[in-house]
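Notes follow the structure.
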Amino acid sequence: MKRYIKSILPAGALLLALGMTSCTKDLDVDPISPKISTDYSAEGLFNKCYANFAMAGLGDGGSGDGDCDVAGYSDAGMTNLVRLLWNVNELTTDEAMCTWGDAGIPELNFDTYDAEAAMVKALFARLTLGISCCNQYLTVASDYNATMTAEVRYLRALQYYILMDLFGNVPFATVIEKPTQLSRADLFNWIVNELNEIEPTLTEAKAKKSAEGNYGRVDKAAVWMLLQRMYLNAEVYTGTAQWDKAAEYAQKVISSSYKLNETGAGGWSAYQMLFMADNGETNAALEGIFPIYQDGKVSTSYGNTTFLVGSTFTGDMVVNPQGDPTGTNGTTQNWAGNRARIDLYKKFFPDGKERNVASYDMVKQARDDRALFWGIDRVLNIETYSTFKEGYSVAKFTGYKTDGSANADATFSDGDWFFFRVAEAYLTYAEALTRKAGSNQLPGDALSAVNKIRARANASQKESMTLDELCDEWSREFYFEGRRRIDLVRFGKFGGNNNYNWQWKGGVKDGRNFDAYKNIFAIPAAELNSNTSLKQNEGYAY
Amino acid sequence: MKIPFRMLALILGLFLSVGAFAQQIAVKGHVKDASGEDVIGATVRVAGTQTATVTDFNGVFTLNANRGATITVSYVGYQTATATAAPTLEITLEDDATVLNDVVVIGYGVAKKSDLTGAVSALKPDTKNKGVIVSAQDMLQGKVAGVNITNYGGKPGGDARIRIRGGASLNASNDPLIVIDGVPMDNSKVGDGSNPLATINPQDIETFNVLKDASATAIYGSRGSNGVIIITTKKGRVGQKLNVSYAGSATVSMKAKSLDLMDANQYRQLVGNIYGTESDAYAMLGTANTDWQDEIYRTAVSHDHNLTFTGVAGPVPFRVSLGYTGQEGILKTSKYERFTGALNLNPSLLQDHLTLNLNAKGMYSTADLADEGAIGAAAYFDPTQDPYSFTSTYHKNMLGDKAAQTLKNFGGYFEWPAGGAALNDASWPFMKFKDATKNPLALLEYGLSDETVRTFIGSIDGDYRVHGFEDLRLHATAGIELAEGSKNNVLSGAYPSENGYYQGITDNDNLKRNLLFNAYAQYYKDINADNHFDIMAGYEWQHFYFQWHNLWQSFYQPTHNESPNGLYKNSPDADEYESYLVSFFGRMNYILKNRYMLTATVRRDGSSRFAEHWATFPSVALAWKVKEESFLKNVNAISDLKLRLGWGMTGQQELASGDPAANNYIWIDKYKRGYGGNGRYPMVGDGTLYRPASVNKDLKWETTTTYNAGLDLGFMDQRLTASIDYYYRETKDLLNWAHLPALYGFMDEGYLNIGKMKNYGVEASISWKAIQTKNLFWTLDYNVTWNRNKITDLSGVSEGGMPVPTGDKIDISNRVLAHQVGYAANSFWVFQQAYDQNGKPLENVVVDRNGDGQITTADKYLYKHIMAPVTMGLASRLEYKNWDFGFSLRASLGNYVYNSTQQGMRLTAPNALMYQDAFLQNRLANTLGWLSDSDASKLTDYFVQNASFLKCDNITLGYSFDKLFSSNEWEGLAGRVYATCSNVFTITDYEGIDPEVSSGVDGGIYPRPISFIVGLNLNF
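Rendered as structure tokens:
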């Protein structure tokens, strides 16, 4: 008996003591997850800084939106940067209206957004997360490669620019820390400085197609594009106009190797080639500056061109007259969402009369390659925002390649989204010259820049043009490309008592003014709650 | 039974005739139970000898024994009785239920119920009126004050939500800790219905002990905040003869209620009115009259069988049980089958100094998981369509001579078609329209997944009373929980998936492996008659490991033009993660004069989930047995009166939201690597993505402080007992899944310690043995819980600002539930509906509560909440001779539900009926007929509806028999037959199918069926 106690007790005690010391060390775990790395990869981080524009997550679950970066939305693809940017800059204007009742969409359609508007919140999150990725890269990997570092700084500046444009006074930090709020004007200056600093380090401005190296990455031309856009809107952002600078940077782009695509192919117009599945492979690519790269197999998202192609179509539209009569847009995606307001149609057809023809016939009637409307089985006026066939459909974005074949994938688009197009520099140049001259009529140089754009679209050459007409020209050239709101604000035609009305503006059919404070969006309420140093933009409750 | 031992001695004493001489005598005895019934087959033995016998059909035994020797009588289900040998003995066996009252399993040890200082509810499952029991949680439902159980629906083998005292957490896990035979379970799941309670056969459960207040749960430290359910399974007994018993039942279940939808004619009329009879929409209408809700449900047949062997093999008492449950779901094609096996060995060695307890429980289940999308699809599907053909003129024109081919492609089912040119497959001229409602019957036939779950829970438990120092016990437990789940499906092109064309396979495997080791020493000391104390100290180590693999592949159809049967998408995915919990704990009990009791516990927990691993959780409790005071001792009307007071702190570390792998490493700087072929962005290299992951180095346990005051009462010799507890709990540093400030991290939401919440309430239970006579018994058990919950601080997420939305989304991003300071958690945050003079809700008109002339988010208000302030349970049993009759009722008062189904069907706008100009959707017969799809027409309090209910869970009629088929050679069969109706009725004003919606947002659940059961129990 005693032997028992003698042997069991000490043995037990020893075992226990051993167990305890070794086991408390167990608490200092190292992740065993194959998806988690405690070391960074400069290239992996670099790719992610770019991918924030293109995909909503890290991938899988069927698309690059899987493992979404932005929480709180059951449809990950909806949080794609381009898709959100498109929504807030198009649905709020005279160009587009969406049939869907998805949270946040009706508020944009009717300009009734507030601090809880779902799409606006998601965009705020998307942009700030993108900036955080860049901040992290610049903190840990800035020594890796000087050009890459400059590019990441560019991506950060661009996302700050979008934030500044949309929200005015936004939280700001260049490392991961609790941010402070910067005024719109201060942020404007910071972005300009940043762009000036990195310009020399970026690669030379050189137009390229996807087969060449560095396609999808930014170069000096991207800096010039962003600067010409900022200077064009400088009066809105800072109160001080900078027309000279706008013209100067626009001119830099125009004289760079990036070129307007002026020759059509395979029966498609030069203009339409810009929005097709192979726009990264054809000469259209030479017009795109900072293309958001899409590949239906490798880099996929329910945002970007997949969204533009899918959301603007129904099964009854056939845009390839040579193709299968059930071929629609070359994909299986026909979501019946976004279509034109009559006000956009009137930019091409001031008579506002119905033309119930296919898009390839519509451009002929408009004598303008850009009038890519589908009128068959459609009515122009929107009585119920939720009826897709009220309002003409827009057949601008398709899943076809110039040889008539379709995307490699039946769902996901291969077409790239050009964040900037050279055409913008022409119109900026024209507008800046006109504004600088203080004239309502475009001076000669300005007019010829506009006519260059029109010539590419096989539209008639203008002998004269007013500023108001130039505002329409912006729409004709860039409708459904995610920038209309910016132009309307600059022309004083968005919020405020301007009586520039469009159908359903402000939520009534004939349109009505809404308050000028809505020229910028509300900082999301959750952001104010969690960071009490932030102040809400004037005019918004919460 | 306040002091059962004494009571027992008393009873035995009454029946003992006392002999005094040490010589062999013939002892003849009669054994009966408390109700006077003979006990047949009881084992009678002379202690310390090999002499033993069993009682005959009349409960009579004879054997020889030394005068004065001790005779023991044992029988399963009763306490073992002892008597001193005498020529004639009359022995009454006490019901085992009193054993339950006697000893209660608490954390790391047992305690006499009468000595408890904390709020602990013990429940022995009702073996007679039990209803459809598939999982152990079904036996607890409505039975214990403060415990609220809601199953997620009527799915076979389905899971349930368990809340003890409302839960202590805002949005970390609120699931209680479940301890099975000393092994704390991990709540992570490997399959659909595989919560830890589903892994054991309910028939094997001896008792549930529910620890509710902190003085009871603090010994479980960081996992004790949400209460603890301790399950003890049945064991073999020393001295028991071999006993074989069988229990089985057969169940027929059917749909209890349907949504009141438009029938085909009503729907035709609606479409005609809205679009006109010349429209595309009208042309799309079919010629059939299909009730889709009838089509998808069936009358389901289930049965279960359990076989139990108990006995002694050599020195080792054993219990072996085998169980089978086969359950058909009322949703066609859904099915669940489970096999369980349990082995328990509990030998005592070294003159009873060393008790070993070995438990092994295995479970194997297979389920046919139906695609539950069929439930919603049946509600929305156009009732004019024939399930198996294209009958509309629109579709006939559209499909032309391709109709037969298309129907074949769709597996013989009608689906809403769309042009298929982009598919590049000549055999598929048409595909299923991507966003259209899927044919529910096709979902059921082609969307079936097979799930297999295997679990094993094993433990070895040793309890050693040190030789020569018997006041000291050493105890050690080693345990393992293994679970493996695998879900597969093979989807043909006929399965109406999102892409509507490709064939696919999925293969999802999960593995959980948790290890446990603990050891503690316990020392008992009676210093003198008035001073008793015991002290326990121990150590525990746990390792939690989880891994999963997921494969999803899809292929082109064999007829595809370019790559027949080729791989279309391939998404392999896998992850694994682990965590550790290391703990030191101790408990001290001190009892003074058997009247005043003090319990103090402390646990120090180390978790690998937080940067600062360690935290301490103490508790103190006092009890006063007032009955033992001289002024009450002789008051016979009062048989028990005890006052309990407790205070304690517990923690919580289960993170329920977000990425489980990252949650285990939340404090470590890390990156998440991209994976899969479709999420690369090749700017440099192959395009692999590295995303900085959320880090929170400050994250720590949320801590709940609980105060509890309780009173235990007994009257009329314990025939009426009652227990009432008041509790107040405050949780601080809530583990909140909250918005993260922009630029401060790498996700917009994540875990933060934010805010405080309090819960307070009263819970009471009354048990009344109303009638106790030889032939007639009537018992009533009633419990009621009143709970209030209030958020008291949310600094950081809502500082005087906007409520924080939470809960299920009702569309892509809107949530109707929110948390806000000053309100109950999960309150509804909605607009206030405006009504016309007739009380009809006005479409898109809500109250401008802040009076600023416009309707914005600022006009929303907090209105009601999902948790019922009052819940009640009532169970009663009446027994007359061989007959028994029982019922159980359950009520929930003041709980509200957002009727998402009604909201989803409120619109009859042209695009809402004919969606995307491509397919039609049905509506409720009394549709609101609204047109505007704005927030103001959907996020209103009109859809927040009172879902108070009274449910009758079960009614049972049973008949017990013995000596069936008995003969001179054989004692015959004993047993019971019974018939039960389950989910009998629901009384409620709620307009949806079922008011019992755990999430508070009713978007259509797998309906709970009404069931009819017949069952048979046999003892061989």
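Residue numbers (this note's numbering), protein chains in the order written: chain A, 315 to 856; chain B, 54 to 1073. A virtual CB, placed ideally from N, CA and C, is assigned to each residue, including glycine.
Residue i and residue j closer than 9 Å at C-beta
i: Val396/A; j: Asn618/A; result: yes
i: Gly732/B; j: Ser377/A; result: yes
i: Leu569/B; j: Ala531/B; result: yes
i: Ile124/B; j: Thr115/B; result: no
i: Asn903/B; j: Ala877/B; result: no
i: Tyr643/B; j: Pro713/B; result: no
i: Phe360/A; j: Tyr451/A; result: yes
i: Arg653/A; j: Ser707/A; result: yes
i: Ser268/B; j: Thr784/B; result: no
Closer than 9 Å to chain B by CB, residue i
i: Leu496/A; result: no
i: Gly580/A; result: no
i: Lys849/A; result: no
i: Asn361/A; result: yes
i: Asn695/A; result: no
i: Leu395/A; result: no
i: Tyr337/A; result: First, the residue type needs correcting, since residue 337/A is Cys and not Tyr in the sequence shown. Judged by the 9 Å Cβ criterion, Cys337/A is in contact with chain B.
i: Gly567/A; result: Gly is not the amino acid found at residue 567/A; the sequence shown has Val there. Judged by the 9 Å Cβ criterion, Val567/A is not in contact with chain B.
i: Asp416/A; result: yes
Identity of the residues DSSP links to residue i by a beta bridge
i: Glu932/B; result: Phe830/B, Asp937/B
i: Met589/B; result: Gln575/B, Arg640/B
i: Glu783/B; result: Thr758/B, Lys811/B
i: Ala395/B; result: Ser374/B, Lys414/B
i: Ser762/A; result: Note: Ser762/A sits in no beta bridge, so no partner.
Interface flag, residue i vs chain A, CB-CB below 9 Å
i: Glu259/B; result: no
i: His872/B; result: no
i: Glu629/B; result: yes
i: Val635/B; result: yes
i: Gln458/B; result: no
i: Ala474/B; result: yes
i: Lys622/B; result: yes
i: Ala911/B; result: yes
Integer-rounded CB distance, given that residue j should sit under 8 Å from residue i
i: Gly1011/B; j: Val1030/B; result: 7 Å
i: Gln256/B; j: Ala300/B; result: 6 Å
i: Asn812/A; j: Asn827/A; result: 7 Å
i: Met315/B; j: Pro482/B; result: About 32 Å separates the two Cβ atoms, so there is no contact after all.
i: Trp345/B; j: Phe972/B; result: The Cβ separation is near 14 Å, so there is no contact.
i: Tyr916/B; j: Val997/B; result: 6 Å
Under 7 Å by beta carbon: chain E residues contacting residue i
i: Ile346/A; result: Any reference to chain E falls outside this structure, whose protein chains are A and B.
query = Taking Cβ-Cβ distances below 8 Å as the criterion, which residues of the segment 473-493 of chain A are in contact with chain B?
reply = Pro485, Phe486, Ala487, Ile490, Glu491, Lys492, Pro493
task = Taking a Cβ distance cut-off of 7 Å, strictly less, list which residues of the segment 708-735 of chain A are near chain B, in chain order.
result = Ala720, Ala724, Thr725
inquiry  = What are the residues in the segment 439-468 of chain A lying within 8 Å of chain B by C-beta distance?
reply    = Ala439, Thr442, Leu443, Ile445, Ser446, Cys447, Asn449, Gln450, Met462
ask   = At a Cβ cut of 8 Å, what residues of the segment 774-799 of chain B count as close to chain A, listed as they run along the chain?
value = Ala791, His792, Leu793, Pro794, Ala795, Leu796, Tyr797, Gly798, Phe799
task = Identify each residue in the segment 603-624 of chain A for which the Cβ-Cβ distance to at least one residue of chain B is less than 8 Å, and report them in chain order.
result = Tyr607, Lys611, Val612, Ser613, Thr614
query = Using Cβ-Cβ distances below 8 Å, what residues of the segment 665-677 of chain B are close to chain A?
reply = His666
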